[in-house]
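Asker:
Residue numbers (the UniProt record's numbering): 1 to 66.
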């Protein structure tokens, strides 16, 4: 699941949801819903999230099993 991969990497980086959400320019509650699998994530936000997490988008997707 993509949300779980985002959460795991965020925790590896000791980054709060608020900090990641600010970098990606989305609301913290929206990020929480993405991490819990309650909301879809746009391709643009996948790119932004991966960049902030120092990953290629393909690495983030691979970590999610996609």
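Glycine included, C-beta positions come from ideal geometry on N, C-alpha and C.
#1: Would residue 47 and residue 41 be called neighbours here (beta carbons separated by less than 8 Å)?
#2: Are the beta-carbon atoms belonging to residue 56 and residue 9 less than 8 Å from one another?
#3: So what does DSSP say about residue 22, is it helix, strand or coil?
#4: Quick one: give me the first and last residue of the alpha helix (DSSP H) that residue 28 is part of.
#5: Measuring alpha carbon to alpha carbon, tell me which residue in 44, 24, 17, 45 is nearest residue 32.
Answerer: Taking the definition as stated:
#1: Translated into positions along the chain shown, residue 47 becomes position 47. Translated into positions along the chain shown, residue 41 becomes position 41. No, Cβ-Cβ distance for residue 47 and residue 41 is not below 8 Å.
#2: Locating residue 56 in the chain shown gives position 56, counting from the first residue. Locating residue 9 in the chain shown gives position 9, counting from the first residue. Not closer than 8 Å, so no.
#3: The residue given as residue 22 occupies position 22 in the chain shown. DSSP places residue 22 in the helix class (H, G or I) of the three-state scheme.
#4: As a first step, residue 28 must be located in the chain shown, where it is residue number 28. That run of the alpha helix (DSSP H) goes 28-35.
#5: Walking along the chain shown from the start, residue 32 turns up at place 32. Checking every option, the nearest Cα to that of residue 32 belongs to 17.
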